[in-house]
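Participant: When you read off a place in the sequence shown, starting at 1, and then add 20, the result is the number in our numbering. Yeah, the Cβ is synthetic: ideal placement off N, Cα and C, and Gly gets one too.
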Amino acid sequence: MLQTESLEQLLAENNILRSHNKVLIQSLEDERRRYAELQSQIMVNPHTGVPALQAFLNTLVTLIEGDQVRNRAGDGGKALSFFLVVVKLSNQYDLVARTLKESASEWILYQTAMRLGESLAPEEKLFHTSDDEFVLIWQSSSITQVQKRLALLHQSLDKHHSLSGVRLHIGSHLGLAHYPFHGRNHQGLRHAANLALSLAIKSDQPWVVYEEQFRQDVVDKMELQNGILKALEAQSMQRNTSQFHLVYQPQVTLLKDRDGRMRISDINAEVLLRWRHPTKGLISPAHFIPLAEETGLIQPLGTWIIHQTSVQLAAWKGSPLEKAVVSINVSPKQFANDQLVYSIDRLTRKEPAIAQRIKLEVTESSLLENTETCLKYMNYLRGLGIQFAVDDFGKDYSSLSYLRKLPVNTIKIDKSFIDHVGTSHHDQVIVRAISNLARDLKLKVVVEGVETNKQLRFLVNEGCSTIQGYFFSKPVSADQFSSFYQKAMNKRVNLNQV
Ligand code: C2E
Ligand code: CA
Ligand code: CA
Numbered sequence: 021m022l023q024t025e026s027l028e029q030l031l032a033e034n035n036i037l038r039s040h041n042k043v044l045i046q047s048l049e050d051e052r053r054r055y056a057e058l059q060s061q062i063m064v065n066p067h068t069g070v071p072a073l074q075a076f077l078n079t080l081v082t083l084i085e086g087d088q089v090r091n092r093a094g095d096g097g098k099a100l101s102f103f104l105v106v107v108k109l110s111n112q113y114d115l116v117a118r119t120l121k122e123s124a125s126e127w128i129l130y131q132t133a134m135r136l137g138e139s140l141a142p143e144e145k146l147f148h149t150s151d152d153e154f155v156l157i158w159q160s161s162s163i164t165q166v167q168k169r170l171a172l173l174h175q176s177l178d179k180h181h182s183l184s185g186v187r188l189h190i191g192s193h194l195g196l197a198h199y200p201f202h203g204r205n206h207q208g209l210r211h212a213a214n215l216a217l218s219l220a221i222k223s224d225q226p227w228v229v230y231e232e233q234f235r236q237d238v239v240d241k242m243e244l245q246n247g248i249l250k251a252l253e254a255q256s257m258q259r260n261t262s263q264f265h266l267v268y269q270p271q272v273t274l275l276k277d278r279d280g281r282m283r284i285s286d287i288n289a290e291v292l293l294r295w296r297h298p299t300k301g302l303i304s305p306a307h308f309i310p311l312a313e314e315t316g317l318i319q320p321l322g323t324w325i326i327h328q329t330s331v332q333l334a335a336w337k338g339s340p341l342e343k344a345v346v347s348i349n350v351s352p353k354q355f356a357n358d359q360l361v362y363s364i365d366r367l368t369r370k371e372p373a374i375a376q377r378i379k380l381e382v383t384e385s386s387l388l389e390n391t392e393t394c395l396k397y398m399n400y401l402r403g404l405g406i407q408f409a410v411d412d413f414g415k416d417y418s419s420l421s422y423l424r425k426l427p428v429n430t431i432k433i434d435k436s437f438i439d440h441v442g443t444s445h446h447d448q449v450i451v452r453a454i455s456n457l458a459r460d461l462k463l464k465v466v467v468e469g470v471e472t473n474k475q476l477r478f479l480v481n482e483g484c485s486t487i488q489g490y491f492f493s494k495p496v497s498a499d500q501f502s503s504f505y506q507k508a509m510n511k512r513v514n515l516n517q518v
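This is the structure in structure tokens:
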């Protein structure tokens, strides 16, 4: 009895085990299939059917190692030479991928793969290495030959894509590296091609071929960025090794007296940053400000400039310069968060009167890039009493609608219009138009880069009476600005004489 029972129990347990086993085997099978799918996706891109990243790496390594083995063996055969071409679709593709149906981006990828494939000779290869990136291996041995092929390829990639009757233009950038000259192993070669690609994207060129100098440029740039950080750290620790300092360039306003003679009636200043590098000497802000922007160091640097300017304004209290307004340059990146607003807010809480003496210079491009955030911050600062000038007016854009929307009260006519204003009819017309526009919109005008009497005469005749430029003074130290102010204020200026 007992035996039969245990036999039945044994059989039942056996059945349970068997069904468990089946489930286990099934899930093992599923797992194996998923792995195989993943493996094939690593080898082949599922959207385009083009060999993918792993296949590319395998091919590249095999190609280079094979070449090196042959070289070591000294077989005297033809040396291997090929170009690695990294192709990246523009941001427009990203937009399509994020906003339209998946089939839209798949269609673009498929068409791109077709166009790239058409550029290949029989021995050459195409890979789809990531969503918006492809790589070609071209066997060409000379750069001249490659340039011709690039022009043709660019033409083909530049054609629009038709999507349900809609024509979409998806641009692309290409970065090239030449084996063995730009990298002797696969990492070095890929790095070189990617560096060329990043330059193509940055400078918006259809393609860039790697040059040795690029690597050095990256090293130099990183060194400078590190230098900015170190200089700022030293500054904040109040060490006596101040590498940054501020200079002041006078903005001189001329007024016609009743007797018809011109007189200097007001003097303000633009604050400009200077960096004296311990080994490289004086570095132009036009060079290092963009580097500070890239790393985000522009935020602490901007805060330091505001703090330092406020210290100077406080020092001029009770002196003839008490009422001078200083214009501080603000980089577009400083509107990316509220750090700038915060530092000015803190400053004006301590000393409310200081707000009337600060004007912020913002470039047109930054106003147009982040109009909404800019508007919010600018309105807040305007509420504190801070004024705003549009810097480099007319240089990049000609959209004027923002002038009505933003709390701007000054426009600065860009130096590029002033350089030839004495002789170029074209520039004269532009300057006249800007100054008329400003008058109609009740905006103040500052003209920058005025160097000669001829330029000054034309500008004053056009009613542009606030002048900044070497004609009156280069940017100078605070003390020199103070003596300029005291000497020049109310002085007569004879336009015909100089
Ligand atoms: P910007 O704001 O357009 O400044 C005017 C530039 O023109 C200054 O160059 C000034 O020295 C120069 N300049 C003024 N008058 C004349 C002239 O008559 N002839 C010539 N040839 N040049 C003249 P600087 O100081 O080298 O500054 C270059 C740029 O660097 C500035 O252009 C500004 O965009 C940026 N920058 C300078 N200081 C700062 C700063 O404190 N913060 C930020 N964010 N940017 C700054
Ligand atoms: Ca400026
Ligand atoms: Ca300017």
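Using a Cβ distance threshold of 8 Å, determine whether the segment 484-501 contacts the segment 469-476, with at least three qualifying pairs required.
Facilitator: Yes, the segment 484-501 touches the segment 469-476.
Participant: If I measure Cβ to Cβ from residue 450 and keep anything under 8 Å in the same chain, skipping five residues before and after, which residues do I get?
Facilitator: The answer, listed in chain order, is 414, 437.
Participant: Compare the C-beta of residue 197 against all C-beta atoms of chain D and say whether one is closer than 8 Å.
Facilitator: The structure shown contains no chain D, having only a single protein chain.
Participant: Is the CB-CB distance between residue 453 and residue 430 below 8 Å?
Facilitator: The answer is no: Cβ separation not under 8 Å.
Participant: Report the start-end ranges of each alpha helix (DSSP H) in the segment 461-498 that is 4 residues or longer and not cut off at the edges.
Facilitator: Entirely contained in the segment 461-498, the alpha helix (DSSP H) runs reaching 4 residues are, in chain order, 473-481.
Participant: Determine the closest residue to residue 318 out of 343, 349, 331, with distance taken between C-alpha atoms.
Facilitator: Ranking 343, 349, 331 by Cα distance to residue 318 puts 349 first.
Participant: Of the residues 207, 208, 230, which one's Cα is nearest the Cα of residue 218?
Facilitator: That would be 230, whose Cα lies nearest to the Cα of residue 218.
Participant: Is residue 306 near ligand 1 - that is, is its Cβ less than 7 Å away from at least one heavy atom of it?
Facilitator: Indeed, a heavy atom of ligand 1 lies less than 7 Å from the Cβ.
Participant: When the distance is taken between beta carbons, is residue 252 closer than 8 Å to residue 321?
Facilitator: Result yes, Cβ atoms of residue 321 and residue 252 sit closer than 8 Å.
Participant: Span of the beta strand (DSSP E) holding residue 415?
Facilitator: That residue, residue 415, is in no beta strand (DSSP E); it is neither H nor E in DSSP.
Participant: For residue 202, is the classification buried or exposed, using 16 other Cβ atoms within 10 angstroms of its Cβ as the cut-off for buried?
Facilitator: With 16 or more Cβ atoms within 10 Å of its Cβ, residue 202 is classed as buried.
Participant: Per DSSP, residue 290 is paired with what?
Facilitator: Answer is 269, 347, bridged to residue 290.
Participant: Could you check how far apart the C-beta atoms of residue 352 and residue 385 are, in whole angstroms? I think they sit under 8 Å.
Facilitator: Indeed they touch by this definition, with Cβ atoms about 7 Å apart.
Participant: Buried or exposed for residue 66, going by 16 or more other Cβ atoms inside 10 Å?
Facilitator: By the 10 Å Cβ count, residue 66 comes out exposed.
Participant: Spatial neighbours of residue 176 within its chain, please: C-beta separation below 6 Å, excluding the five flanking residues on both sides.
Facilitator: Excluding sequence neighbours, residue 176 sits near 135.
Participant: For my contact list, residue 106 and residue 194 are in at a C-beta cut-off of 8 Å; report their separation, rounded to the angstrom.
Facilitator: 7 Å between Cβ atoms; contact.
Participant: Return the Cβ separation of residue 145 and residue 157 in integer angstroms, given the expectation that the two are a contact with Cβ distance under 8 Å.
Facilitator: Confirmed, about 5 Å.
Participant: My parser needs the alpha helix (DSSP H) runs of 4 or more residues fully inside the segment 311-371; what are they?
Facilitator: Whole alpha helix (DSSP H) segments, 4+ residues: 318-335, 359-370.
Participant: Among 234, 423, 71, whose alpha-carbon lies nearest the alpha-carbon of residue 398?
Facilitator: The shortest C-alpha separation from residue 398 is found at 423.
Participant: May I ask whether a heavy atom of ligand 2 can be found less than 7 Å away from the beta carbon of residue 313?
Facilitator: Flag unset: Cβ of residue 313 not near ligand 2.
Participant: Around the Cβ of residue 142, are there at least 16 other Cβ atoms within 10 angstroms (buried) or fewer (exposed)?
Facilitator: The residue is exposed, with fewer than 16 neighbouring Cβ atoms inside 10 Å.
Participant: Tell me whether residue 489 counts as near ligand 1, meaning its Cβ is closer than 7 Å to at least one heavy atom of that ligand.
Facilitator: Yes, since a heavy atom of ligand 1 falls inside the 7 Å radius drawn around the Cβ of residue 489.
Participant: Please report the straight-line C-alpha distance between residue 40 and residue 49, rounded to a whole angstrom.
Facilitator: Approximately 14 Å, taken between the alpha carbons.
Participant: State the DSSP-derived secondary structure class of residue 519, mapped to helix, strand or coil.
Facilitator: Residue coverage of the chain in this structure runs from 21 to 518, which leaves residue 519 outside it and unanswerable.
Participant: Could you round the C-beta distance between residue 333 and residue 346 to whole angstroms and report it? I think they count as a contact, below 8 Å.
Facilitator: Right, their Cβ atoms sit about 7 Å apart.
Participant: Report all residues from its chain with a CB closer than 7 Å to the CB of residue 374; omit the five preceding and five following residues, and keep chain order.
Facilitator: Excluding positions up to five away in sequence, the list reads 330, 333, 367, 368.
Participant: Would you mind giving the Cβ-Cβ distance between residue 344 and residue 289, rounded to the nearest angstrom? I have them listed as a contact below 8 Å.
Facilitator: With a Cβ gap of about 6 Å, residue 344 and residue 289 count as contacting.
Participant: Since residue 266 and residue 325 are thought to touch, with beta carbons under 8 Å apart, how far apart are those beta carbons, to the nearest angstrom?
Facilitator: About 7 Å; that satisfies the 8 Å criterion.
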